[in-house]
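See structure below.
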Amino acid sequence: PSARSLPPPCGDGALSSEKADLCLEAQAGTSRALDTMVRDHIRLVRRLAHRYQRQGTSHEDLVNEGCIGLIRAVRKYDPSHGLPFVPYASWWIKQAMIMFLIQHGQGSISLPIRKVQMLKRLRREEDSWKTLHGDLPTDTQLGDRPGIEPERVASLRRLAPEYVAWEEYLADDLPSDDQ
2 PSARSLPPPC GDGALSSEKA DLCLEAQAGT SRALDTMVRD HIRLVRRLAH RYQRQGTSHE
62 DLVNEGCIGL IRAVRKYDPS HGLPFVPYAS WWIKQAMIMF LIQHGQGSIS LPIRKVQMLK
122 RLRREEDSWK TLHGDLPTDT QLGDRPGIEP ERVASLRRLA PEYVAWEEYL ADDLPSDDQ
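Written out as structure tokens, the structure reads:
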């Protein structure tokens, strides 16, 4: 096709009037419109799922959860606000994937999402400190880092499950060679 026959690009993620109508139809309950919107944006879901795949979950599971987030975005999107659809949908897709990872990665103990995210940040800061200084930081030293409140460090550490390396776990259960 020639360049003149192609529709104008929506580089900012804005929806064409046809897509905006599909969104409104999907909100009204038309399954054909919802199906069309999901098919048109499945590449976005796959791309975002690829980013989170390193978290230990299969790509297919993340795509499924991302599609749930995309469906929610289509149902909640209001084209009259003038917001671009793709960033709006991306937020819902990411939230669905993050919720899935949290629910399936924490075992039987469930924590609020903001606490899990803060625990991840705390672990990253601990790893960074250990790399630079060779030892684990104190609560005060961690509290001095930007974005971490000193009074919350101790309470967050109490919430964090202790992870033991597999080799250490086996070493405790196996008889030693000198026995």
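First residue of the sequence shown? That's 2 in this note's numbering, and the numbers climb one at a time after it. Just so it is clear, CB atoms sit at the ideal spot from N, CA and C, and this is done for glycine as well.
Should residue i go down as buried or exposed, given a rule of 16 or more other Cβ atoms within 10 Å for buried?
{"i": "residue 114", "result": "exposed"}
{"i": "residue 42", "result": "buried"}
{"i": "residue 91", "result": "buried"}
{"i": "residue 155", "result": "exposed"}
Whole angstroms are fine: how far does the CA of residue j sit from the CA of residue i?
{"i": "residue 19", "j": "residue 44", "result": "19 angstroms"}
{"i": "residue 121", "j": "residue 68", "result": "25 angstroms"}
{"i": "residue 93", "j": "residue 83", "result": "17 angstroms"}
{"i": "residue 24", "j": "residue 145", "result": "47 angstroms"}
{"i": "residue 143", "j": "residue 22", "result": "51 angstroms"}
{"i": "residue 81", "j": "residue 63", "result": "30 angstroms"}
{"i": "residue 127", "j": "residue 17", "result": "47 angstroms"}
{"i": "residue 87", "j": "residue 139", "result": "42 angstroms"}
{"i": "residue 152", "j": "residue 96", "result": "28 angstroms"}
{"i": "residue 37", "j": "residue 123", "result": "42 angstroms"}
{"i": "residue 33", "j": "residue 105", "result": "32 angstroms"}
Below 7 angstroms CB to CB, which residues in the same chain sit around residue i once its five sequence neighbours on both sides are set aside?
{"i": "residue 89", "result": "74, 78"}
{"i": "residue 103", "result": "114, 117"}
{"i": "residue 53", "result": "63, 98, 102"}
{"i": "residue 46", "result": "64, 67, 68, 71, 94"}
Assign residue i to one of three DSSP states: helix, strand, or coil.
{"i": "residue 150", "result": "coil"}
{"i": "residue 70", "result": "helix"}
{"i": "residue 78", "result": "coil"}
{"i": "residue 145", "result": "coil"}
{"i": "residue 31", "result": "coil"}
{"i": "residue 139", "result": "coil"}
{"i": "residue 88", "result": "helix"}
{"i": "residue 58", "result": "coil"}
{"i": "residue 134", "result": "helix"}
{"i": "residue 51", "result": "helix"}
Taking 8 angstroms as the CB-CB limit, is residue i close to chain C?
{"i": "residue 137", "result": "This model lacks chain C altogether, as it is built from one protein chain only."}
Leaving out five residues before and five after residue i in sequence, what residues of the same chain have Cβ atoms less than 8 angstroms from its Cβ?
{"i": "residue 72", "result": "35, 39"}
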